[in-house]
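Participant:
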Ligand SMILES: [Zn+2]
């Protein structure tokens, strides 16, 4: 018998609860030794020593941290089928591999395989909502496969429909796309919808019809903006001047834009999905939180793609804090100054990883722990880990100490989907078999040489200084003189 059968209330007893219910810039409230009661799909009560209905399942949260489920606002889930393959890529190599050469090899079943594994992986790491930035949907059969996979794993998802093999005006205008939206996007609370495409800055603004389709359907647009060498201020200007920048718009990366573009984003109320691990190694631009903060632009976090990076938001929080502080120190030190107090705090990145994502998606029922909100919850607790104590600064602990292996329990929509570090009702062996088939097919279709070459890009020849050991000579000189 499943001790967490559907409909049975659950209480997390005696945890350190991070409710994320303070003002946006400081969610630092901490509730010690507090219970969280879940009934149905909602949080029913939060407080010490709660009275609970008879038959409630009890999870001991003592010594652990209870926080809202994390929300990733931009992940190309289909690419998880190639986990780690592009670890040494730049953005250029990614574009060549996926956009120009091999992305079109993916069949519907390969999108299904990647999405399934990505969905399971997200749940396991406490990421309860993921925007599937699904730009490999070159046919509607691919899109059906993507949604089939998402609906088979008990997380909350938003399908951001995209297709890199066709101009956005074309695929958004196709009757089968409309038909897909009618058939599959039915207002289910567990499956949201966005339209995903990039604005390349052509003055003729060929993306205009795609924006019109989004407005007509009443769905948000998500777009890679401010990506060095790909999308620039021109795209932002065109969107703004044609009236397509709205509060629902999500700008992914927004890492290499001018102040003028940030002003346009701020003025129209959109938010930025920052993928720090991605921006740091692929080259979209410097991770922009340091300048987004100055412009008052709302932030959410994302992992982008497991072709390079991890799929857990602990990494996002950690690298974002690091990149922001790194930039702050560098800017000050360039002027001969010293930063004596960090501006970006750990509670702020926890906020971005939870409530920031909820806000970006227009979901004010997510991202906060209080009665009446949806029960998407994570318990971080690992009694076997030396990193689990002392628990002095819970926000700092989440941002810099905790790891995905410390995710003890995950609840989505009131349903316990992971308990005592184990996923419930997920068939990992089936997911693995599917991935194996996809890899075998891709390797075969590409050929061994192209497969190996894709994974091992050339290393540029680095010039080593003629004499990097200048001080060795200096010392030996000095010895001579003595
Ligand atoms: Zn992306």
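In the numbering used here, the protein residues as written are 19 to 500. Cβ coordinates follow ideal geometry from the N, Cα and C atoms, glycine included.
Of all residues in the structure, which have a C-beta closer than 6 Å to any heavy atom of ligand 1, taken in chain order?
Facilitator: Those residues, listed in chain order, are 92, 94, 151, 242, 270 and 322.
Participant: Please report the straight-line C-alpha distance between residue 459 and residue 438, rounded to a whole angstrom.
Facilitator: Residue 459 sits at position 441 when you count from the first residue of the chain shown. Residue 438 sits at position 420 when you count from the first residue of the chain shown. Those two C-alpha atoms are separated by around 36 Å.
Participant: Should the segment 218 to 234 be regarded as contacting the segment 277 to 292, the criterion being three or more beta carbon pairs within less than 8 Å?
Facilitator: Flag = no, the segment 218 to 234 and the segment 277 to 292 do not touch.
Participant: Between residue 325 and chain C, is the shortest Cβ-Cβ distance under 8 Å, so that the two count as touching?
Facilitator: No chain C is part of this structure, which consists of one protein chain only.
Participant: Figure out for me which residue from 201, 144 and 308 has the closest Cα to the Cα of residue 434.
Facilitator: Locating residue 434 in the chain shown gives position 416, where the first residue counts as 1. When only C-alpha atoms are compared, the closest one is 144.
Participant: Assign residue 276 to one of two classes, buried (16 or more other C-beta atoms within 10 Å of its C-beta) or exposed (fewer than that).
Facilitator: As a first step, residue 276 must be located in the chain shown, where it is residue number 258. With fewer than 16 other Cβ atoms within 10 Å, it is exposed.
Participant: On a CA-only basis, which of 206, 201, 270 and 188 is nearest residue 175? Give me that one, please.
Facilitator: In the chain shown, the residue the question calls residue 175 occupies position 157. Among 206, 201, 270 and 188, the Cα nearest to that of residue 175 is on 206.
Participant: With residue 215 as the anchor, note down where its beta strand (DSSP E) starts and where it stops.
Facilitator: For this step, residue 215 is matched to residue 197 along the chain shown. Note, residue 215: premise wrong, no beta strand (DSSP E); not H, not E.
Participant: If we count the other Cβ atoms within 10 Å of its Cβ and call it buried at 16 or more, is residue 197 buried or exposed?
Facilitator: Position 179 of the chain shown, counting from 1, holds the residue named residue 197. So residue 197 counts as exposed.
Participant: Whole angstroms is fine: what's the gap from residue 427's alpha carbon to residue 23's?
Facilitator: Reading the chain shown from its first residue, position 409 is the one you call residue 427. Reading the chain shown from its first residue, position 5 is the one you call residue 23. Whole-angstrom Cα-Cα distance: 15 Å.
Participant: What's the C-alpha gap between residue 139 and residue 150?
Facilitator: Along the chain shown, read from residue 1 onward, the residue named residue 139 stands at position 121. Along the chain shown, read from residue 1 onward, the residue named residue 150 stands at position 132. Each residue's Cα considered, the two are about 13 Å apart.
Participant: Would residue 133 be called buried (16 or more neighbouring beta carbons within 10 Å of its own) or exposed?
Facilitator: Within the chain shown, residue 133 is the residue found at index 115, counting from 1. Buried.
Participant: Secondary structure at residue 33, three-state DSSP: helix, strand or coil?
Facilitator: Counting from 1 along the chain shown, the entry for residue 33 is found at position 15. Here residue 33 sits in strand by DSSP.
Participant: Find out if the Cβ-Cβ distance for the pair residue 228, residue 267 is shorter than 8 Å.
Facilitator: Your numbering for residue 228 matches position 210 in the chain shown. Your numbering for residue 267 matches position 249 in the chain shown. Contact: no.
Participant: Label residue 200 either buried or exposed according to how many other C-beta atoms from any shown protein chain fall within 10 Å of its C-beta, with 16 as the threshold for buried.
Facilitator: On the chain shown, residue 200 is found 182 positions in, with the first residue counted as 1. The residue in question, residue 200, is exposed, as its Cβ has fewer than 16 Cβ neighbours within 10 Å.
Participant: Mapping the DSSP letters down to three states, classify residue 453 as helix, strand or coil.
Facilitator: Along the chain shown, read from residue 1 onward, the residue named residue 453 stands at position 435. The answer is helix: DSSP assigns residue 453 an H, G or I state.
Participant: Within its chain, find whatever has a CB closer than 8 Å to the CB of residue 442; leave out the 5 residues flanking it on each side and keep chain order.
Facilitator: As a first step, residue 442 is located in the chain shown; it is residue number 424 there, counting from the start. Cβ neighbours of residue 442 beyond the five flanking positions: 20, 22, 434, 435 and 436.
Participant: Identify, in the order they occur along the chain, each residue of the same chain with its Cβ nearer than 8 Å to the Cβ of residue 214, setting aside the five sequence neighbours on each side.
Facilitator: Start at 1 with the first residue of the chain shown, and residue 214 comes out as number 196. Excluding positions up to five away in sequence, the list reads 151, 152, 153, 178, 179, 180, 239, 240 and 241.
Participant: Assuming residue 86 and residue 385 make a contact with CB atoms under 8 Å, what is their CB distance in whole Å?
Facilitator: Here residue 86 is taken as the residue at index 68 of the chain shown, counted from 1. Here residue 385 is taken as the residue at index 367 of the chain shown, counted from 1. That belief holds up - the Cβ atoms of residue 86 and residue 385 are roughly 5 Å apart, short of 8 Å.
Participant: What span of residues does the alpha helix (DSSP H) with residue 280 cover, start to end?
Facilitator: Numbered from its first residue, the chain shown carries residue 280 at position 262. That run of the alpha helix (DSSP H) goes 277 to 286.
Participant: Assign residue 41 to one of two classes, buried (16 or more other C-beta atoms within 10 Å of its C-beta) or exposed (fewer than that).
Facilitator: Your numbering for residue 41 matches position 23 in the chain shown. Result: exposed.
Participant: When DSSP labels each residue in this structure, what does residue 196 get in the three-state scheme?
Facilitator: Stepping through the chain shown from its first residue, residue 196 is reached at position 178. Here residue 196 sits in helix by DSSP.
Participant: Residue 163 to residue 212, Cα distance in whole Å?
Facilitator: Working through the chain shown from its first residue, we reach residue 163 at position 145. Working through the chain shown from its first residue, we reach residue 212 at position 194. Roughly 17 Å separates the two Cα atoms.
Participant: With the cut-off set at 8 Å, would you say residue 47 and residue 37 are in Cβ contact?
Facilitator: Residue 47 sits at position 29 when you count from the first residue of the chain shown. Residue 37 sits at position 19 when you count from the first residue of the chain shown. In this structure, residue 37 lies closer than 8 Å to residue 47 by Cβ.
Participant: Comparing alpha-carbon positions, which option in 193, 146, 320 and 136 lies nearest residue 158?
Facilitator: What you label residue 158 is simply residue 140 of the chain shown in a count that begins at 1. If we check each option's Cα against that of residue 158, 193 comes out closest.
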